[in-house]
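My numbering puts the sequence shown at residues 325 to 669. Using N, Cα and C, we set each Cβ at its ideal position, and we do this for glycine too. Quick caveat: nothing in here was measured; it's all calculated off a predicted structure. A short worksheet on the structure shown next.
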Amino acid sequence: MTDEIIDLFSDTATQPTRAMREAMLAAPLGDEQRRSDPTVQRLEERIAALLGKERAVLVPSATMANQIAIALHCSPGDEVLCHRSAHVLNAEGGGLAANAGVQVLPLAGERGIFDGDTVRAALRIDDPHQPISRAVVVENTSNGGGGSVWPDAAFQSVVAVCRERGLILHIDGARLFNAAVARGVSPAHWAQHGQSVQVCFSKGLGCAFGAVLALDAELEPRARRIKQRLGGALRQAGIVAAGMLYALDHHVQRLAEDHQRAARLAAALAELPGLEVSPSDTNIVFLRYLRGTAAELAQRLRERGVLVSQGGGRLRACTHLGITDQGLERAIQVFAQVLCGESAL
Ligand SMILES: Cc1ncc(COP(=O)(O)O)c(C=O)c1O
325 MTDEIIDLFS
335 DTATQPTRAM
345 REAMLAAPLG
355 DEQRRSDPTV
365 QRLEERIAAL
375 LGKERAVLVP
385 SATMANQIAI
395 ALHCSPGDEV
405 LCHRSAHVLN
415 AEGGGLAANA
425 GVQVLPLAGE
435 RGIFDGDTVR
445 AALRIDDPHQ
455 PISRAVVVEN
465 TSNGGGGSVW
475 PDAAFQSVVA
485 VCRERGLILH
495 IDGARLFNAA
505 VARGVSPAHW
515 AQHGQSVQVC
525 FSKGLGCAFG
535 AVLALDAELE
545 PRARRIKQRL
555 GGALRQAGIV
565 AAGMLYALDH
575 HVQRLAEDHQ
585 RAARLAAALA
595 ELPGLEVSPS
605 DTNIVFLRYL
615 RGTAAELAQR
625 LRERGVLVSQ
635 GGGRLRACTH
645 LGITDQGLER
655 AIQVFAQVLC
665 GESAL
């Protein structure tokens, strides 16, 4: 291992900056569980307005936000439709079954994206043998899809089927700010069409933790009850909310820099032998190693101080607040060294 670690493993690696920590120190605090923390209230009002929803509820994590949303919308035995790469299906510990008693119908589609026709074809008929198709989850950006941003045509066709067939739409917007910055639109562009939407602050935005679930006012009391039940109601949470408010002001627009660096990384890696590089809309670059296993390449990169994640035969590199131009160029050099031999350095 070298001393200098370039951590492309995940955009969850971001840490609060000094200025964010100072904003956190200065925040007025109260008891969030009793709804008397002024900083949390300020954050919730701001996020609701930003997403075009009536209410917003602070929760500790994006996972909890998704879990609350599905438990809120569904009854045990219902069916939830989502892409087969979705975080709710693959990375929440089986929570949809355990917490909401629902089953999941995975949908196919390129880069984590499906369309209204795919949803329509998967819907159950009204028959006691079948589960009730209740909700659709759209993940934007799609993590497993390579940070892909939902195109309007696909998204609007899903919205239309949901309206037509009375399905609930939940948006897993753990990286919705990335999508908004990449497309140059407000996050409300998508969020206003879902009955619920969550945004997460512990991905590229530098916060230690914190996500917000935004929804219609009539859903808020039940959402807060489920949050309490799951142990998500907090006390002096304003200290975290202050960091999240800071991130809204200082770390959202700069996501464009992460996207530029991911594009630079993808272009540079595409020049190297033995790699297949998937296109990236935002900050996530997926790779296939054609001369060995993904685990082998990840290990060889790790030995030289570059961390990437791997799984399902692919490697994933994420750019984020903690990755500078210099660090990125160093990572590209290390890839070249590993794939072309020492002479590449
Ligand atoms: C799309 C998506 N949703 C939800 C989550 C859950 O976030 P957390 O692990 O912070 O709860 C993640 C985490 O990477 C994610 O990528």
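- The criterion of a C-beta distance shorter than 8 Å is satisfied by HIS583 and THR606.
- An exposed status is given to ILE449, since fewer than 16 other beta-carbon atoms sit within 10 Å of its beta-carbon.
- Distance from the Cα of ASP476 is smallest, within the candidate group GLY440, ILE647 and VAL460, for GLY440.
- Per the Cβ contact rule, the segment 562-571 is in contact with the segment 347-360 (3 or more Cβ pairs under 8 Å).
- The closest CA to that of ILE495, considering only GLU463, PHE479 and ALA512, is found on GLU463.
- For CYS524, the uninterrupted beta strand (DSSP E) run begins and ends at 520-524, by DSSP.
- Between ARG499 and GLY469 a beta carbon distance of about 11 Å is seen, past the 8 Å cut, so the two are scored as non-contacting.
- Spatial neighbours of VAL632 in its own chain (CB-CB distance under 7 Å, excluding positions within 5 residues in sequence) are listed in chain order as LEU332, PHE333, ALA622, LEU625, LEU639, ARG640 and ALA641.
- Taking the CA atoms as reference points, ARG487 sits about 31 Å from LYS527.
- Taking 7 Å as the cut-off, the C-beta of ALA498 counts as close to a heavy atom of ligand 1.
- Excluding residues up to 5 positions away in sequence, PHE525, VAL564 and MET568 lie with their Cβ nearer than 6 Å to the Cβ of GLY534 in the same chain.
- By the neighbour-count definition (other C-beta atoms within 10 Å, threshold 16), ARG548 is a buried residue.
- Three or more pairs of CB atoms, one per stretch, sit closer than 8 Å, so the segment 395-409 contacts the segment 422-438.
- By the neighbour-count criterion, in which a residue is buried when 16 or more other Cβ atoms sit within 10 angstroms of its Cβ, ALA655 is buried.
- Here CYS406 carries a strand assignment [DSSP, helix/strand/coil].
- With a cutoff of 8 Å on beta-carbon distance, LEU420 and ALA446 are scored as not near each other.
- For ASP573, the enclosing alpha helix (DSSP H) has its first and last residue at 562-574.
- Ranking VAL658, SER472 and GLY401 by CA distance to the CA of GLU627 puts VAL658 first.
- Within the same chain, ASN464, THR465 and VAL473 come within 6 Å of ALA503 by CB-CB distance, once the 5 residues on both sides are set aside.
- Rounded to the nearest angstrom, the gap between the Cα atoms of ASN467 and ASN414 is 11 Å.
- Within the chosen limit of 7 Å, ligand 1 does not reach the beta carbon of CYS531 with any heavy atom.
- Going by C-alpha positions, ALA386 is about 13 Å away from GLY417.
- Here THR648 is exposed. Its C-beta has fewer than 16 other C-beta atoms within 10 Å.
- Rounded to the nearest whole angstrom, the C-alpha separation of LEU375 and ALA557 is 22 Å.
- Assigned with DSSP and collapsed to three states, LEU529 falls in coil, not helix or strand.
- Not one heavy atom of ligand 1 lies closer than 7 Å to the C-beta of THR606.
- Residue pairing of ILE495 in beta bridges, as defined by DSSP: VAL462 and VAL521.
- With a threshold of 7 Å, the Cβ atom of CYS524 counts as near ligand 1, since some heavy atom of the ligand is closer than that.
- Using a cutoff of 7 Å, the CB of ASN467 counts as near ligand 1, since one of the ligand's heavy atoms is closer than that.
- With a minimum length of 3 residues, the unbroken runs of beta strand (DSSP E) contained wholly in the segment 597-665 fall at 599-601, 608-613, 633-635 and 638-642.
- For LEU539, same chain residues with a beta-carbon under 7 Å away, outside a window of 5 residues either side, are LYS377, ARG379, GLN519, SER520 and ALA547 in chain order.
- Note on LEU405: 16 or more other CB atoms within 10 angstroms of its CB, so buried under the neighbour-count rule.
- Excluding the 5 residues flanking it on each side, GLY425 has same chain C-beta neighbours closer than 7 Å at PRO400 and GLY401, in chain order.
- Residue environment analysis places THR338 among the buried positions, since at least 16 neighbouring C-beta atoms fall within 10 angstroms of its C-beta.
- With a threshold of 7 Å, the Cβ atom of THR336 counts as near ligand 1, since some heavy atom of the ligand is closer than that.
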